[in-house]
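Encoded as structure tokens, the structure appears first; notes follow it.
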Amino acid sequence: MANLFTYTKQSKDELKKVIWPSRKEVVRSTMLVIGISIFVALFLGLLDIGLSYGLSKIL
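Residue numbering for the sequence shown follows my numbering, beginning at 1169 and increasing consecutively.
This is the structure in structure tokens:
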């Protein structure tokens, strides 16, 4: 049981050392991830449509 308390205390101490990002940084990073995800999804969707169309004309 002592190990559990030691682990909890050490974890709490380590979390105090973390430099947490600001709200502005989190929102900016989130928007960047969403934007890149949408771009990649659109790119892959258009690539799929293009390849499907091309293969249907060949076959």
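Even for Gly, the Cβ is constructed at its ideal location relative to N, Cα and C.
N-terminal and C-terminal residue of the alpha helix (DSSP H) that residue i is part of
i	result
Met1199	1191 to 1226
Own chain residues within Cβ distance below 7 angstroms of residue i, not counting five before or after
i	result
Gly1213	none
Proximity test, residue i beta-carbon vs the ligand COA heavy atom, cut-off 7 angstroms
i	result
Ser1190	For the structure depicted, the ligand COA is absent and the ligand set is empty, with no information on it obtainable.
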